[in-house]
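Peer 1:
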Amino acid sequence: MDITFKKSKEAFKEDMQRRYMELEAIEGKGLDIRRCKMEGKFITISPECVRCNLCAEECPVDAIADAKSTRPARLLENCVKCEICAQTCPIRCINVVESTATINDEVKYHLKDLKIPHRILRMKNIKVDSERCKGCGTCARFCPTSAIRLEDGTATIDTSICIGCGACANVCEEGAIKLERELGPVIKTKELLIDQEACVACQICEESCPTDAIRLEDEKLIFSEDKCILCEVCSTKCPVGALKLKRLSYES
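This is the structure:
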């Protein structure tokens, strides 16, 4: 997805005034919209979710509600945009979208899907307990590769096309499917750049970091790379720009 759309500056101004009417009351004047550029990023889970729950299991901040057979996985408000879920989803139904709004004589919005690499996922061993299986077919309904079919009222698995996502095991209410899989490490797609000279020792980064990866010691930032999940918390909250998150290039 790569979409650009436009809106008149007056229409944008009216929307902003409706949303923030208290600004006029406080300042006693109309809303002044200057020329500027705003950037952001958001993550979405599409309805094609196969209920494997890998994203929820791998989320380092518990920001994804578990998928059930009756509902897909769902992002929660405490998401820190580390993109680990997008790297982990076996069918690419988690999308990372970069948004840009440029305000000049008109307002131009640009949405672009970011290309996120995928971690290695392989099935090592999978078995169906025929005594527990009730032949309901829920596992077959959610299998993304059609590796499961019902034979004589029992689920059977074609291991040659099973990718080890675990959707079948997650939705089976009888616990009849047992899976062993291999999930590779998170791929580094970003780098945190630290400017020690610009740092004013305000401790906002330390207080905000969800994984305790950064701390202030003797007015110097100490960074633990093994703890860092390369989210957007410290870099967006730093008031002096001492922390910047740089996206790296990678081979797709």
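For what it's worth, the numbering used here labels the leading residue of the sequence shown as 8, then goes sequentially.
The beta carbon of each residue, even a glycine, is placed where N, CA and C say it ideally should be.
Alpha carbon to alpha carbon, how far is alanine 220 from cysteine 96?
Peer 2: Each residue's Cα considered, the two are about 25 Å apart.
Peer 1: In chain order, what are the residue ranges of uninterrupted alpha helix (DSSP H) at least 4 long that sit wholly in the region 156 to 239?
Peer 2: Whole alpha helix (DSSP H) segments, 4+ residues: 174 to 178, 211 to 215.
Peer 1: Taking the alpha helix (DSSP H) that leucine 61 falls in, what are its first and last residues?
Peer 2: 61 to 65 is the span of the alpha helix (DSSP H), which, as asked, contains leucine 61.
Peer 1: For glutamate 198, count neighbouring Cβ atoms within 10 angstroms of its own Cβ and tell me buried if that reaches 16, exposed if not.
Peer 2: With fewer than 16 Cβ atoms within 10 Å of its Cβ, glutamate 198 is classed as exposed.
Peer 1: Shortest alpha-carbon distance to isoleucine 211 belongs to which of Asp136, Leu200, Thr243, Leu121?
Peer 2: Closest by alpha carbon: Thr243.
Peer 1: Going by alpha carbons, who is nearest to isoleucine 50 out of Ala205, Cys86, Arg42?
Peer 2: Among Ala205, Cys86, Arg42, the Cα nearest to that of isoleucine 50 belongs to Cys86.
Peer 1: How would you call lysine 253, buried or exposed, if buried means at least 16 neighbouring beta carbons within 10 angstroms?
Peer 2: So lysine 253 counts as exposed.
Peer 1: Per DSSP, what kind of secondary structure is isoleucine 50 in: helix, strand or coil?
Peer 2: In the structure shown, isoleucine 50 sits in a strand (DSSP, three-state: E or B).
Peer 1: Are at least three pairs of beta-carbons, each pair with one atom in the region 117 to 125 and one in the region 173 to 189, less than 8 Å apart?
Peer 2: The region 117 to 125 is not in contact with the region 173 to 189.
Peer 1: Could you have a look at arginine 148 and say whether DSSP puts it in helix, strand or coil?
Peer 2: Helix at arginine 148.
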